[in-house]
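S.K.:
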């Protein structure tokens, strides 16, 4: 369906996909949208008193929704992993603290490490971007989140920090 300007008119499911993929609009930040999406998640992780089980279920729901929404937004825009998609950062940031107490020091260290790994994309994160659709959108950030989680857990076990 075309609008008068020649652009495709979004259907209801497309609008839902954009809302999910952009994390309620955080992906429209004019600069560093991935960092903005991660920072919004950090604040929500601090404010919402998730139990460990509730956080795990919420992460699972975000992953499933992100797989669908990320793939759909890619198709609508005709562009692989466009910058407005930040649901992958939401999932990665959630994973980075999944098994940890959500204290301010833990959240800040996990945020910094997650963003570093998300930008650096160490093996196999970079290679995972070859997947198509939502899997290609989500997987590299989940790997970055897992790396951050492992490092923070290791630092806490070995050195007792961050507390």
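Numbering (our numbering), first residue to last: 11 to 173.
The C-beta atom is built at its ideal place from N, Cα and C for all residues, glycine as well.
#1: Taking the alpha helix (DSSP H) that residue 169 falls in, what are its first and last residues?
#2: Mapping the DSSP letters down to three states, classify residue 82 as helix, strand or coil.
#3: Measuring only the C-alpha atoms, how far is residue 56 from residue 117?
#4: So residue 110 packs on residue 155, CB below 8 Å; how close in whole Å?
#5: Does residue 58 pass the burial test, meaning 16 or more other C-beta atoms within 10 Å, or should it be called exposed?
#6: Our contact map puts residue 50 next to residue 36 with C-beta atoms below 8 Å; I'd like the distance itself, whole angstroms only.
#7: Report the CB separation of residue 72 from residue 101 in whole angstroms; it is logged as a contact under 8 Å.
#8: Whole-angstrom Cβ separation of residue 48 and residue 125, contact assumed at under 8 Å?
#9: What does the Cβ neighbour count give for residue 121, buried or exposed, with the cut at 16 atoms within 10 Å?
#10: Of the residues 99, 18, 89, which one's Cα is nearest the Cα of residue 42?
#11: Alpha carbon to alpha carbon, how far is residue 39 from residue 114? Give it in angstroms, no decimals.
#12: Quick check: residue 123 and residue 158, are their CB atoms within less than 7 Å of each other?
#13: Buried or exposed: residue 149, going by 16 or more other Cβ atoms within 10 Å of its Cβ?
#14: Let me confirm a value: residue 63 is counted as buried when at least 16 other C-beta atoms fall within 10 Å, else exposed. Which label applies?
M.R.: If we stick to the structure as given:
#1: In the DSSP annotation of this structure, the continuous segment of the alpha helix (DSSP H) that includes residue 169 starts and ends at 143–169.
#2: Reduced to three states, the DSSP call for residue 82 is helix.
#3: Residue 117 has its alpha-carbon roughly 8 Å from the corresponding atom of residue 56.
#4: The beta-carbon distance between residue 110 and residue 155, rounded to whole angstroms, is 12 Å. This is too long to meet the 8 Å contact definition.
#5: Classification for residue 58: exposed.
#6: Yes, residue 50 and residue 36 are in contact; Cβ-Cβ is about 5 Å, under 8 Å.
#7: So it is a contact: roughly 5 Å between Cβ atoms.
#8: The beta carbons of residue 48 and residue 125 sit about 6 Å from each other, so the pair counts as a contact at 8 Å.
#9: Looking at its Cβ environment, which holds 16 or more other Cβ atoms inside 10 Å, residue 121 is buried.
#10: Of the listed residues, the one whose Cα sits closest to residue 42 is 99.
#11: Distance between the alpha carbons of residue 114 and residue 39: 24 Å.
#12: Yes, these two residues count as a Cβ contact at 7 Å.
#13: Here residue 149 is buried. Its C-beta has 16 or more other C-beta atoms within 10 Å.
#14: A residue is called buried once 16 or more other Cβ atoms fall within 10 Å of its Cβ, and residue 63, having fewer, is exposed.
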